[in-house]
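> Numbering (UniProt numbering), first residue to last: 1 to 59.
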Amino acid sequence: MSNCEDRTYTVEDIAKMLNIGRTSAYNLTKEGHFKIVRIGNTIRISKKSFDEWLDKLDI
1 MSNCEDRTYT VEDIAKMLNI GRTSAYNLTK EGHFKIVRIG NTIRISKKSF
51 DEWLDKLDI
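1. Do you know offhand how far tryptophan 53's Cα is from valine 11's?
2. To the nearest whole angstrom, what separates the beta carbons of serine 46 and arginine 7, a pair I think is in contact under 8 angstroms?
3. Can you give me the C-alpha to C-alpha distance between serine 49 and serine 24, rounded to a whole angstrom?
4. Just mark tyrosine 9 as buried or exposed, buried being the case when its beta carbon has 16 or more other beta carbons within 10 Å.
5. So the candidates are Ile20, Asn27, Met17 and Asp55; which of them puts its Cα closest to the Cα of isoleucine 43?
Okay, here's the thing in structure tokens:
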């Protein structure tokens, strides 16, 4: 499982990085800005696509 963890973020991870609530982070995953993978009820976010999206925001 560590390989998956090395390549993905959790919703909680992106909420902390963006300083937003968990609900807002879940809403971001639904908007299609970056790639997500659903594993059962768990959502994992591709680090590569999330980081590229974040870089484009130029924050």
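A virtual CB, placed ideally from N, CA and C, is assigned to each residue, including glycine.
In this structure, then:
1. Translated into the one-based positions of the sequence shown, residue 53 becomes position 53. Translated into the one-based positions of the sequence shown, residue 11 becomes position 11. If I take the Cα positions, the gap works out to 15 angstroms.
2. Taking the first residue of the sequence shown as position 1, residue 46 is located at position 46. Taking the first residue of the sequence shown as position 1, residue 7 is located at position 7. Beta-carbon to beta-carbon, serine 46 and arginine 7 are separated by about 7 angstroms, close enough to satisfy the 8 angstroms threshold.
3. Position 49 of the sequence shown holds residue 49. Position 24 of the sequence shown holds residue 24. Approximately 18 angstroms, taken between the alpha carbons.
4. Taking the sequence shown and counting its residues from 1, one reaches residue 9 at position 9. With 16 or more Cβ atoms within 10 Å of its Cβ, tyrosine 9 is classed as buried.
5. Residue 43 sits at position 43 when you count from the first residue of the sequence shown. Ranked by how close their Cα comes to the Cα of isoleucine 43, the residues Ile20, Asn27, Met17 and Asp55 have Asn27 in first place.
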